[in-house]
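Engineer: Offset between the sequence shown (1-based) and the numbering used here: plus 208.
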Amino acid sequence: MSADPAPARPDALRDARFRAYLAGRLGSNLVTRMQAVVVGWHIYEFSGDPVALGYVGLAMFVPMVLLGLVIGDWADRVSRARLLTVSSIIMCGASFGFLLLGLEGVERVAPYIGLTALFGVGAAFNRVALPALLPQILPPEQLAGGVAWASTISQFAVIAGPAAAGLLLLAGRDVAYGTVALLGLGSALVWARMHIPPAILSETGLHGVTMAARVLAGIAFVRSQPLILGAILLDLFAVLLGGVVALLPVFAKDILHAGPVGLGLLRAAPAVGAVIVALLLARRPLARHAGPIFFAAVALHGVAILAFGLSTNLALSCLALAVAGATDMVSVVVRTTVVQLATPNAMQGRVNAVNQVIISASNELGDFRAGLMGGLMGAVPAVAAGGLFILGVTVAGFLLCPPLRRLDRMEDVAHREGG
């Protein structure tokens with residue numbers, strides 16, 4: 209299924225504020241990706257304990273779940289650019305803390321987990337405020353292309369961040385920590401130079417009420433919008449039931465017999481597919497039939513996961529994962545654009561917080577589901593079942609969410625301020 213040619217529209221890249229946004233986003237995302245590799249390598253190097261690596265992942269995940277909705281409320285009451293400045297400063301400070309621990313020769317896991325949790329707090333600010341800021345920079349007609357450019361930057365960081373961290377580790381652990389800290393400082397300076405006013409809480413009756421009431425208002429808004437709720441829930445169940453990342457080492461070692469190099473190729477393949485599609489969507493945003501294309505992309509994602517699960521050839525497996533990454537990017541761009549367009553500016557923080565908390569939880573639980581099913585029934589049946597689950601969820605979503613199924617032009621769902 210193909211989209212009609214996009215009508216002529218201004219390129220978002222012509223906007224200086226949007227270019228600054230992309231620069232800040234690149235810096236913040238690189239910091240997050242690089243830090244995870246460096247601290248994971250360091251902890252395992254001195255502890256030799258795989259369980260400690262699990263605690264690192266948990267320390268990054270928990271702050272988003274605990275603080276995400278609160279940060280979303282703040283993002284609707286203070287400048288989102290200022291929140292991103294704070295986010296980068298926190299991550300920079302944590303990175304300098306890691307550097308100091310390394311210089312002092314500290315080889316106890318607990319201090320590193322504590323700093324990782326602090327870093328996770330900064331990352332939580334980043335994940336909520338980044339998408340909420342974008343609609344304040346770009347008009348509705350440029351938002352789909354802007355989301356695609358932003359997604360391209362994020363996927364580039366997925367590929368380049370770990371690779372850069374590995375090269376820096378060759379130069380020395382302290383060099384790696386110091387570079388990440390300086391990159392975080394640079395991101396903070398980019399955000400500090402952006403002068404974007406805070407969103408104004410315009411909803412009647414929300415002035416002076418408790419934070420809990422404001423947060424609940426954001427959740428209630430998501431529940432009241434079939435387009436937003438349908439897109440978020442479809443992504444939740446697709447990721448929860450179809451995640452395969454946790455089982456990639458099993459496929460690389462025992463099924464494809466490709467070793468560490470093969471594992472690296474498998475991990476990179478989805479990001480490569482995602483970057484290619486994101487660049488295409490950035491240059492030619494979807495103009496028509498967004499809803500049907502969204503469902504087609506999710507269904508094809510399920511087929512790609514199923515093909516990966518059944519493949520015994522490394523090249524075919526990489527191709528299947530690249531297709532999975534490409535189709536996932538289509539659904540991400542549509543979902544993110546719909547959420548941002550259909551949400552009033554004064555609620556962007558809270559609504560995006562709900563979205564990000566759900567995404568974080570589904571990613572973590574999806575990996576757990578894959579690992580558990582892999583242990584119970586084997587890696588191949590677990591992944592193949594995941595692909596079938598995605599197809600089932602797609603059919604259910606298509607039948608149960610007519611507004612999303614009938615979505616044509618994404619600009620048509622744009623919330624009109626004051627309207």
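Glycine is no exception: its CB is placed at the ideal position from the N, C-alpha and C atoms.
#1: In whole angstroms, what separates the C-alpha of L435 from that of I598?
#2: Does the segment 500–516 touch the segment 436–453, meaning 3 or more C-beta pairs lie closer than 8 Å?
#3: Roughly how many angstroms separate the alpha carbons of E411 and A267, rounded to a whole number?
#4: Figure out for me which residue from G353, F254, M585 has the closest Cα to the Cα of P493.
#5: Quick check: I251 and V270, are their CB atoms within less than 9 Å of each other?
#6: Express the C-alpha separation of G248 and R316 in angstroms, rounding to a whole number.
#7: What residues in its chain sit with their C-beta under 8 Å from that of I463, if we drop five residues either side in the sequence?
#8: Roughly how many angstroms separate the alpha carbons of S255 and Y320, rounded to a whole number?
#9: How many angstroms separate the CA atom of G579 from the CA atom of A454?
#10: Are the segment 477–487 and the segment 552–570 touching, with three or more C-beta to C-beta distances below 8 Å?
#11: Determine the direct distance from the alpha carbon of L326 to that of A214, and round the result to whole angstroms.
#12: Return the chain-ordered ranges of every alpha helix (DSSP H) run that is complete within the segment 295–369 and spans a minimum of 4 residues.
#13: With a CB to CB cut of under 7 Å and the five nearest residues on each side skipped, what residues in its chain are close to A373?
#14: Could you check where the alpha helix (DSSP H) with E619 kicks off and where it finishes?
#15: Which stretch, first to last residue, makes up the alpha helix (DSSP H) that contains V540?
#16: What do you get for R577, buried or exposed, if any count of 16 or more other CB atoms within 10 angstroms of its CB means buried?
#17: What does a CB cutoff of less than 6 Å around P535 pick up in its chain, not counting 5 residues either side in sequence?
#18: Straight-line CA distance for G413 to T544?
#19: Buried or exposed for G232, please, with buried defined as at least 16 other CB atoms from any protein chain shown within 10 angstroms of its CB.
#20: So, is G380 buried or exposed, given that buried needs 16 or more other C-beta atoms within 10 angstroms?
#21: Alpha carbon to alpha carbon, how far is A283 from H403?
#22: Taking all protein chains shown into account, do 16 or more other C-beta atoms lie within 10 angstroms of the C-beta of P406, making it buried, or fewer, making it exposed?
#23: Would G533 pass as a contact of Q363 if the rule is Cβ separation under 9 Å?
#24: Check whether the Cβ atoms of F226 and I361 lie closer than 9 Å to each other.
#25: Looking at C-beta atoms only, is the number of pairs between the segment 540–560 and the segment 509–518 that lie closer than 8 Å three or more?
#26: Between the segment 289–296 and the segment 331–340, can you find at least three pairs of beta-carbon atoms closer than 8 Å?
#27: May I have the straight-line CA-CA distance separating G386 from G472, to the nearest angstrom?
#28: Please identify the residue among L277, H465, G301 whose C-alpha is closest to the C-alpha of L628.
#29: Closest to P500 by CA distance: which of A425, L441, T602 is it?
#30: Beta-carbon separation of A530 and G594 under 9 Å?
#31: Alpha helix (DSSP H) containing R491: first to last residue?
#32: From this set, V559, I484, V398, S296, which residue's C-alpha is nearest G328's C-alpha?
#33: Might you give, ordered along the chain, the residues of its own chain that have their beta carbon closer than 8 Å to the beta carbon of A486, omitting 5 neighbours on each side?
#34: Pull up the CB-CB distance for R496 and D616, whole angstroms please, since I reckon it's below 8 Å.
#35: Helix, strand or coil: how does DSSP classify M402 here?
#36: Tell me which same chain residues have a C-beta within less than 7 Å of the C-beta of L311, skipping the five on either side of it?
Structural biologist: On the basis of the data shown:
#1: As a first step, residue 435 is located in the sequence shown; it is residue number 227 there, counting from the start. As a first step, residue 598 is located in the sequence shown; it is residue number 390 there, counting from the start. Spanning the two alpha carbons is a distance of roughly 19 Å.
#2: Counting Cβ pairs under 8 Å, three or more are found: they touch.
#3: Start at 1 with the first residue of the sequence shown, and residue 411 comes out as number 203. Start at 1 with the first residue of the sequence shown, and residue 267 comes out as number 59. Reliability of the predicted coordinates at E411 is poor, the pLDDT of 49 falling under 50, and no value is obtained from them.
#4: To locate residue 493, count along the sequence shown from 1; it is residue 285. With distances taken between Cα atoms, P493 lies closest to G353.
#5: For the purposes of this step, residue 251 is taken as the residue at position 43 of the sequence shown. For the purposes of this step, residue 270 is taken as the residue at position 62 of the sequence shown. 9 Å or more divides the Cβ of I251 from the Cβ of V270.
#6: Here residue 316 corresponds to residue number 108 of the sequence shown, with the count starting at 1. Here residue 248 corresponds to residue number 40 of the sequence shown, with the count starting at 1. Counting only the Cα atoms, G248 lies some 13 Å from R316.
#7: Numbered from 1 along the sequence shown, position 255 holds the residue referred to as residue 463. Result list for I463: T520, A587, V588, in chain order.
#8: Here residue 255 corresponds to residue number 47 of the sequence shown, with the count starting at 1. Here residue 320 corresponds to residue number 112 of the sequence shown, with the count starting at 1. For S255 and Y320, the distance between alpha carbons rounds to 12 Å.
#9: Here residue 579 is taken as the residue at index 371 of the sequence shown, counted from 1. Here residue 454 is taken as the residue at index 246 of the sequence shown, counted from 1. G579 and A454: Cα-Cα distance of roughly 6 Å.
#10: They do not touch, by the three-pair rule.
#11: Counting from 1 along the sequence shown, the entry for residue 214 is found at position 6. Counting from 1 along the sequence shown, the entry for residue 326 is found at position 118. A caution first: A214 carries a pLDDT of 43, below 50, which makes its placement in the model unreliable, though a value can still be read off. Cα-Cα distance, rounded: 43 Å.
#12: Qualifying alpha helix (DSSP H) stretches, in chain order: 317–345.
#13: Here residue 373 is taken as the residue at index 165 of the sequence shown, counted from 1. For A373, where only same-chain residues beyond five positions count, the Cβ hits under 7 Å are M242, V245, V246, A384.
#14: Here residue 619 corresponds to residue number 411 of the sequence shown, with the count starting at 1. From DSSP, E619 is part of no alpha helix (DSSP H); its letter is neither H nor E.
#15: To locate residue 540, count along the sequence shown from 1; it is residue 332. Taken as a continuous stretch (DSSP letters only), the alpha helix (DSSP H) holding V540 covers 522–550.
#16: Taking the sequence shown and counting its residues from 1, one reaches residue 577 at position 369. R577 should be labelled buried.
#17: Along the sequence shown, read from residue 1 onward, the residue named residue 535 stands at position 327. Checking the sequence, you will find Thr at residue 535 rather than Pro. Closer than 6 Å at Cβ, skipping near neighbours: A505, L508, H509.
#18: As a working mapping, residue 413 is identified with position 205 in the sequence shown. As a working mapping, residue 544 is identified with position 336 in the sequence shown. Residue confidence for G413 is low, a pLDDT of 49 falling below 50, so the modelled location carries little weight; the figure read from the coordinates is stated next. Cα to Cα, G413 sits roughly 28 Å from T544.
#19: In the sequence shown, counting from the first residue as 1, residue 232 sits at position 24. Buried.
#20: To locate residue 380, count along the sequence shown from 1; it is residue 172. The residue in question, G380, is exposed, as its Cβ has fewer than 16 Cβ neighbours within 10 Å.
#21: Here residue 283 corresponds to residue number 75 of the sequence shown, with the count starting at 1. Here residue 403 corresponds to residue number 195 of the sequence shown, with the count starting at 1. Counting only the Cα atoms, H403 lies some 15 Å from A283.
#22: As a first step, residue 406 is located in the sequence shown; it is residue number 198 there, counting from the start. P406 is buried by the Cβ-count criterion.
#23: Within the sequence shown, residue 533 is the residue found at index 325, counting from 1. Within the sequence shown, residue 363 is the residue found at index 155, counting from 1. Between G533 and Q363, the C-beta spacing is below 9 Å.
#24: Position 18 of the sequence shown, counting from 1, holds the residue named residue 226. Position 153 of the sequence shown, counting from 1, holds the residue named residue 361. No, the Cβ-Cβ distance between F226 and I361 is not below 9 Å.
#25: Judged by Cβ distances under 8 Å, the segment 540–560 makes no contact with the segment 509–518, as fewer than three pairs qualify.
#26: Counting C-beta pairs with one atom in each stretch, the segment 331–340 and the segment 289–296 have three or more that are closer than 8 Å, which means they touch.
#27: Your numbering for residue 386 matches position 178 in the sequence shown. Your numbering for residue 472 matches position 264 in the sequence shown. Distance between the alpha carbons of G386 and G472: 25 Å.
#28: The shown model of the chain, from 209 to 627, leaves out residue 628, and the question about it has no answer.
#29: Translated into the one-based positions of the sequence shown, residue 500 becomes position 292. When each option's Cα is compared against that of P500, the closest is T602.
#30: For the purposes of this step, residue 530 is identified with residue 322 of the sequence shown, where counting begins at 1. For the purposes of this step, residue 594 is identified with residue 386 of the sequence shown, where counting begins at 1. Here A530 is not near G594, since their CB atoms are 9 Å or more apart.
#31: Counting from one through the sequence shown, the residue named residue 491 turns up at place 283. Per DSSP, R491 belongs to the alpha helix (DSSP H) from 467–491.
#32: Walking along the sequence shown from the start, residue 328 turns up at place 120. When only C-alpha atoms are compared, the closest one is S296.
#33: Locating residue 486 in the sequence shown gives position 278, where the first residue counts as 1. Here A486 has A356, W357, S359, T360, Q363, M537, V541 as same chain residues with Cβ atoms under 8 Å from its own Cβ, once five neighbours each way along the sequence are excluded.
#34: For this step, residue 496 is matched to residue 288 along the sequence shown. For this step, residue 616 is matched to residue 408 along the sequence shown. Sure, about 6 Å apart at Cβ, within 8 Å.
#35: The sequence position of residue 402 within the sequence shown is 194, counting from 1. Here M402 sits in coil by DSSP.
#36: Within the sequence shown, the letter at position 103 stands for residue 311. For L311, where only same-chain residues beyond five positions count, the Cβ hits under 7 Å are D382.
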